[in-house]
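Chemist: I have a structure here, written as structure tokens, and I will follow up with some questions on it.
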Amino acid sequence: MSKLKDEFTRFEHAGWERVADKYHSVWSSLTQQFIPHLVSAAEVSSGMSVLDVACGPGYVSAAAKQLGAVSTGIDFSKKMIGIAKQTFPGISFLHGDAQNLPLEKDSFDRVLINFGLLHVSRPEKACAEACRVLKSGGRLGFTVWAGPEKNPGAKIVNDAIEAHANLDVGLPEGPPRYLYGEREECRKVLEQAGFDGNSMSYETRAVEWHLPSASYFFEAERDAGVRTAGLLARQSPETLDAIRSAIEDGLERHARGNELVLPMSAHVVVVSKA
Numbered sequence: 001m002s003k004l005k006d007e008f009t010r011f012e013h014a015g016w017e018r019v020a021d022k023y024h025s026v027w028s029s030l031t032q033q034f035i036p037h038l039v040s041a042a043e044v045s046s047g048m049s050v051l052d053v054a055c056g057p058g059y060v061s062a063a064a065k066q067l068g069a070v071s072t073g074i075d076f077s078k079k080m081i082g083i084a085k086q087t088f089p090g091i092s093f094l095h096g097d098a099q100n101l102p103l104e105k106d107s108f109d110r111v112l113i114n115f116g117l118l119h120v121s122r123p124e125k126a127c128a129e130a131c132r133v134l135k136s137g138g139r140l141g142f143t144v145w146a147g148p149e150k151n152p153g154a155k156i157v158n159d160a161i162e163a164h165a166n167l168d169v170g171l172p173e174g175p176p177r178y179l180y181g182e183r184e185e186c187r188k189v190l191e192q193a194g195f196d197g198n199s200m201s202y203e204t205r206a207v208e209w210h211l212p213s214a215s216y217f218f219e220a221e222r223d224a225g226v227r228t229a230g231l232l233a234r235q236s237p238e239t240l241d242a243i244r245s246a247i248e249d250g251l252e253r254h255a256r257g258n259e260l261v262l263p264m265s266a267h268v269v270v271v272s273k274a
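Read in the numbering used here, the sequence shown has 236 at position 236, and its numbers run on one by one without any break.
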């Protein structure tokens, strides 16, 4: 693994350890909305063994358990695992790396990853590991954010950063922000990881994120994120103000009554082990 990629893993790990206790209050009202789409597309059912990779506070594990599956969650953040164990004491949670799973091959009926591939330095390695631990015919299901052209919320932040931010601030290099945004590119990566490309389903799902104020989105990215937070932390106060204003201006057209309702989109991908 290259030095840069190692740096990205360390950067992400330190970031999630720092903001783990903020995740539930800030981001879960958005990311949890995609879990029903994910478990449905992956056809999770009673009696299945399900591995929730990059499990964070354990929401996907809990959703699978509600369907009667036997869930196991794994995350590289010990703080996240601590929160998951406290929140869902009836589920097994492990500390470990998505790119080098400490689990036996052919062990699970399903592997699910809700936005976790965006936080590892080598997502293709995480996909290959998912394939290794899946039983024959088992399925991997994951979500990744849709790009700005299909995702109004992402476009607001993206446009503000492109217009105002200094991007050359020495952040470690990571995977593309809008990973696997093209269906065929996604299929090729999954085939190389050991999956049956012909079995792949690739759907774009939209949800509504209800924000209490115009400043909420900027503050969420600054205070409870990792990658964008790292970029924002390295800007001048004047630049930060310009980015905040641009995000707040972009949100104005999404006002509904006394709150903001922001459309957010993600790709939901499911594929079977070859």
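No residue lacks a Cβ here, since even glycine has one placed at the ideal position from N, Cα and C.
Bear in mind that the values here come from a model prediction, so they are computed numbers and not experimental data.
1) Could you tell me how far apart the beta carbons of F217 and L211 are, in whole angstroms, since I believe they sit closer than 8 Å?
2) When the Cα atoms are used, what is the spatial distance from T87 to G58?
3) Excluding sequence positions up to five away, which residues of its chain have a Cβ less than 7 Å from the Cβ of L67?
4) Leaving out five residues before and five after E259 in sequence, what residues of the same chain have Cβ atoms less than 7 Å from its Cβ?
5) Measure how close the beta-carbons of G181 and G137 come, nearest whole angstrom, since I'm counting them as under 8 Å.
6) Going by C-alpha distance, which of V189, E208, A206, V207 is nearest M200?
7) If I measure Cβ to Cβ from R244 and keep anything under 6 Å in the same chain, skipping five residues before and after, which residues do I get?
8) Under the rule that 16 or more other beta-carbon atoms within 10 Å means buried, what is P123, buried or exposed?
9) Apply the 10 Å Cβ neighbour rule to R139 and answer buried if 16 or more other Cβ atoms are within range, or exposed otherwise.
10) What does a CB cutoff of less than 6 Å around A206 pick up in its chain, not counting 5 residues either side in sequence?
11) Among the residues of its own chain, which have a CB less than 7 Å from the CB of H24, if the five just before and after it don't count?
12) Which same chain residues end up closer than 7 Å to S77 when comparing Cβ atoms and leaving out the 5 residues on each side of it in sequence?
13) Do F108 and K135 have their beta-carbon atoms positioned less than 9 Å apart in this structure?
14) Helix, strand or coil, according to DSSP, for S236 in the structure here?
15) How is R256 classed by DSSP in three states: helix, strand or coil?
16) In three-state terms, what does DSSP make of I81?
17) Just checking, does the stretch 151-160 make contact with the stretch 239-253 on the three C-beta pairs under 8 Å criterion?
18) Keeping to the same chain, check which residues put their C-beta closer than 6 Å to that of D97; ignore five residues upstream and five downstream.
Modeler: So, from the listed chains and residues:
1) Contact between F217 and L211 holds, since their C-beta atoms are separated by about 6 Å, short of 8 Å.
2) The C-alpha of G58 is placed about 8 Å away from the C-alpha of T87.
3) V39, V44, S45, S46
4) H210, L211, P212
5) That pair is no contact at about 28 Å.
6) V189
7) F218
8) buried
9) buried
10) The beta carbon of A206 lies closer than 6 Å to those of P263, S265 in the same chain, with the five residues before and after it left out.
11) The residues are P57.
12) H13, W16, E17, A20
13) yes
14) coil
15) strand
16) helix
17) yes
18) F76
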